[in-house]
Amino acid sequence: MNLSYWEIKTSFSNVDFTIIGSGIVGISTALRLRELHPKSKIIIIDKGIFPNGASTKNAGFACFGSLTELIDDLKTHSEQEVINLVNKRWQGLLLLRNNLGDRAINFKQFGGFELFNSKEDLALAKQHYQKINTLIHPIFKQDIFSFHNNGFGFQLKQNLLGFNRFEGQIDTGKMMLGLIKKGIKNNIQIINNVEVTAINDHSKVSIELNNSFTFNTKKVFLATNGFAKQFLDVDVQPARAQVIITNKIKNLPIKGTFHVHKGYYYFRNINNRILLGGGRNLDFKAEKTTEFGLTDIVQNKLEYLLKKIILPNTNFTIAHRWSGIMGIGSKKKAIVQQISSNVFCGVRLGGMGVAIGSLIGKELAEKLN
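Throughout the sequence shown, residue numbering follows this note's numbering, covering 105 to 473 in sequence.
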């Protein structure tokens with residue numbers, strides 16, 4: 105990097121707080137730091153043109169876990185841990201909506217549905233849905249999960265869908281644009297397309313950029329989620345999610361957010377299109393990567409679901425394909441902690457960045473006090 109005097113003086117001198125990662129968590133951290141330290145100099149650095157993980161690549165689900173996903177979570181988490189997960193996701197969604205406003209993020213509460221393609225899956229849902237309702241009743245003060253007839257034309261062996269009327273959807277692009285605008289309004293500088301290549305924590309933290317330029321900052325906050333292993337020895341593994349979206353479909357009858365197979369597949373309506381993602385369960389090893397890309401096994405499965413189950417009697421074409429990188433671990437609870445004297449992290453969002461990103465950013469900033 106061959107920076108000018110002006111660039112160094114304006115952006116990289118007398119820095120109080122540096123946040124690595126310009127996604128939901130990163131900007132939310134900066135906004136909370138601005139509230140707590142109004143005179144501080146805050147910068148955000150990201151190696152991508154857009155946030156490099158999943159903040160602008162996700163499906164835009166305002167959800168807190170499908171019925172079978174929560175049932176499955178009880179195999180590896182205690183009841184209280186599952187309650188805490190749902191509560192944090194719900195509180196995070198409320199915080200996001202309050203911070204930006206429903207209109208700014210195009211929030212729509214069409215409800216969330218779950219597809220069952222076997223008698224066993226439906227039977228499991230029927231067996232446990234009241235238990236899940238009872239567990240999370242203190243959060244919502246009413247039952248959440250019920251069942252709904254298939255009125256969408258899905259080609260299913262089981263005609264009953266799970267239903268959650270509290271679930272919604274957002275426009276991911278508008279959400280990130282809203283966060284960026286709010287950051288700029290609060291005198292937070294976002295520097296994109298620059299990679300942090302080293303972090304050294306002494307009395308101050310020195311941060312190396314692009315293997316060539318180094319500057320000092322008082323504190324650094326890592327909000328890199330699936331890329332956390334580059335800097336941290338924590339229980340976070342990358343998980344790639346692949347997504348496709350159709351061209352516009354005339355008279356599309358599908359509205360809502362939809363989950364399939366414990367949340368490993370998910371789809372929704374958006375601007376008279378169907379957006380469909382998931383499939384990492386087809387090859388967990390290959391999808392445990394920080395490399396963006398598409399694979400035949402996942403793409404073929406997504407197209408199969410569209411043609412055979414979701415849109416069985418509809419002509420459509422695929423308009424776009426992309427991937428994003430999530431951060432997962434042995435537990436679904438996010439990691440928000442102090443790593444060293446001057447380094448903090450908020451990572452492992454478990455594919456729930458839209459739901460918990462704002463809250464994790466707030467908690468991360470408050471670790472400083």
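Ideal placement from N, C-alpha and C gives every residue a C-beta, glycine not left out. Please read these numbers as outputs of a predicted model, since none were measured by experiment.
- In this structure, Tyr-369 lies near Gly-382, with their beta-carbon atoms less than 7 Å apart.
- Put simply, the stretch 256-270 touches the stretch 218-235. At least three CB pairs are less than 8 Å apart.
- Look at Leu-468 here: in three-state DSSP terms it is helix.
- With respect to the 7 Å criterion, Thr-133 and Gly-428 are not classified as neighbours on the basis of their beta carbons.
- Residue burial annotation: Pro-342 is buried, with at least 16 other C-beta atoms found within 10 angstroms of its C-beta.
- The secondary-structure analysis by DSSP pairs Trp-426 across a beta bridge with Val-347.
- Contact between the stretch 409-427 and the stretch 250-259 is established, with three or more Cβ pairs separated by less than 8 Å.
- In this structure, Leu-197 places its C-beta atom within 7 Å of the C-beta atom of Ala-166.
- For the pair Leu-137 and Ala-469, the CB atoms are nearer than the 7 Å cut-off.
- Here DSSP, grouped into helix, strand and coil, assigns Leu-260 to coil.
- If you ignore the 5 residues before and after Leu-386, its C-beta comes within less than 7 Å of the C-beta of Ile-401, Val-402 and Lys-405, all in its own chain and listed in chain order.
- Asp-206 and Ala-227 have their alpha carbons spaced roughly 36 Å apart.
- Spanning the alpha carbons of Thr-418 and Asn-373 requires a straight line of approximately 15 Å.
- Per DSSP, Gln-334 lies in no alpha helix (DSSP H) segment and is marked neither H nor E.
- Taking C-alpha positions only, Pro-242 is separated from Ser-462 by approximately 22 Å.
- Along the stretch 260-306, the beta strand (DSSP E) occurs as fully enclosed runs of 3 or more residues at 264-268, 293-295 and 300-305, listed in sequence order.
- A distance below 7 Å separates the beta carbons of Leu-313 and Met-105.
- Counting the other CB atoms within 10 Å of its CB gives Thr-321 a total of 16 or more, which places it among the buried residues.
- Here the alpha carbons of Thr-238 and Lys-245 stand approximately 10 Å from one another.
- In this structure, Arg-193 lies away from Ile-432, with their beta-carbon atoms at least 7 Å apart.
- Ile-187 has its alpha-carbon roughly 16 Å from the corresponding atom of Phe-270.
- Here the stretch 438-449 lies against the stretch 335-351, with 3 or more beta-carbon pairs under 8 Å apart.
- Classified as buried, Pro-155 has 16 or more neighbouring CB atoms from the shown chains inside 10 Å of its CB.
- Under the 10 Å beta carbon count, His-363 is surrounded by 16 or more other beta carbons and is classified as buried.
- One Cα belongs to Gln-213, the other to Ile-274, and the distance between them is close to 9 Å.
- Per DSSP, the continuous beta strand (DSSP E) segment holding Ile-148 begins and ends at 146-149.
- Cα atoms of Asp-225 and Gln-231: separation of roughly 10 Å, rounded to the nearest angstrom.
- Comparing alpha carbon positions, the residue from Thr-328, Glu-467, Ile-124 and Leu-171 closest to Ile-294 is Ile-124.
- Within the DSSP bridge table, the entry for Gly-216 names Asn-268 and Thr-361 as partners.
- The beta strand (DSSP E) runs lying completely inside the stretch 398-449 and spanning 3 residues or more are 422-432 and 439-442, given in chain order.
- The criterion of a C-beta distance shorter than 7 Å is satisfied by Ile-131 and Leu-283.
- Around the CB of Glu-139, fewer than 16 other CB atoms lie within 10 Å, so the residue is classed as exposed.
- Sequence-distant Cβ neighbours of Arg-377 in its own chain, meaning closer than 8 Å and more than five residues away, are Ile-349, Thr-350, Asn-351, Lys-352, Ile-353, Leu-356 and Ala-423.
- DSSP places Lys-322 within a strand segment (E or B) once states are collapsed to three.
- Using a Cβ distance threshold of 7 Å, Ile-146 and Phe-121 count as a contacting pair.
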